[in-house]
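Notes to accompany the following structure.
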Amino acid sequence: MGVTLVELNDYKKLIKQRMGEKRFNHSLCVSEEAKRLASLYGADEEKAALAGILHDITKETPKETQLQIISDSGIILENTEINSPSLWHAISGYAFIKNELLIDDEDILNAVRFHTTGRENMSLLEKIIFTADFTSRDRKYDDVEVIRKKANKSLEQAMLYGISYTIADLSKKQSVIHLDTVRAYNELVISQNNK
Ligand SMILES: [Fe+2]
Ligand SMILES: [Fe+2]
């Protein structure tokens, strides 16, 4: 799939209309970081930039509307998903770009869908978007420099660090943990141990 610069700019305009300034800036920063990681790891830079700009497309959409978008697309949420509203935007975002923007590139669709939970057997593009969401220029948290350094050496190491943090944080809050996140975590731990 070729994404021209003109198309990317059209998508930026659309995204700008759908969210506040802070999240729009975050989307631009994830897009830029995804493009950089794509260049570093030999993925399609245009696809990475596009998936990055689109990844939070429904994050500021009202929860009820998101549930409607999800059910209209025929997706039935699992119990853990129903109980994790912060995951809804990844699923509704996927459904929105597929059904409303008519994006048909499976890799871009999956990169948006799994950018919050992760999953087992992620593609290179999925890993790039997942990681870029942690390492983008706008991010500020204690260990951000640690994970940025890891991302420049190994996407898997950066992801393992990010997922470990997410799982610890969720369990501390006694929030449910999606099985895809646990599966991604186990896969990363096992592959690191076998190196
Ligand atoms: Fe997100
Ligand atoms: Fe994000």
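Heads up: the sequence shown at position 157 corresponds to 156 in numbering that gives the first Met the number 0, and the numbers run straight through without jumps.
In this text, a Cβ means the ideal position worked out from N, Cα and C, and glycines have one as well.
Just so it is clear, the structure is predicted and the values come from calculations on it, not from any experiment.
Residue i in three-state terms, based on DSSP
i    : result
G19  : coil
K171 : helix
I176 : coil
D9   : helix
G41  : coil
H25  : helix
N193 : coil
Residue i burial status per 10 Å Cβ neighbour count (16 or more: buried)
i    : result
D142 : exposed
S38  : exposed
Q16  : exposed
K149 : buried
G19  : exposed
S174 : exposed
G92  : buried
I14  : buried
E125 : buried
K46  : buried
Presumed contact (8 Å Cβ cut-off) between residue i and residue j, rounded CB distance
i    : j   : result
K58  : A48 : With a Cβ gap of about 18 Å, K58 and A48 do not count as contacting.
D137 : H25 : 5 Å
I74  : A94 : 6 Å
Beta carbon proximity, residue i to chain D, threshold 8 Å
i    : result
T130 : You won't find chain D in this structure, because it holds only one protein chain.
Worksheet item: Considering only residues of the segment 56-111, which uninterrupted alpha helix (DSSP H) runs meet the minimum length of 4 residues and lie entirely inside it, listed in chain order?
Response: 62-71, 78-81 and 87-98
Discussion item. Give the list of continuous alpha helix (DSSP H) stretches no shorter than 4 residues that lie fully inside the segment 107-162.
Written reply: 123-134 and 143-152
Discussion item. Pairs of beta-carbons, one from the segment 124-144 and one from the segment 46-61, closer than 8 Å: are there three or more?
Written reply: yes
Discussion item. With a threshold of 8 Å, are at least 3 pairs of Cβ atoms found where one atom belongs to the segment 175-186 and the other to the segment 114-121?
Written reply: yes
Worksheet item: Just checking, does the segment 155-172 make contact with the segment 96-113 on the three C-beta pairs under 8 Å criterion?
Response: no
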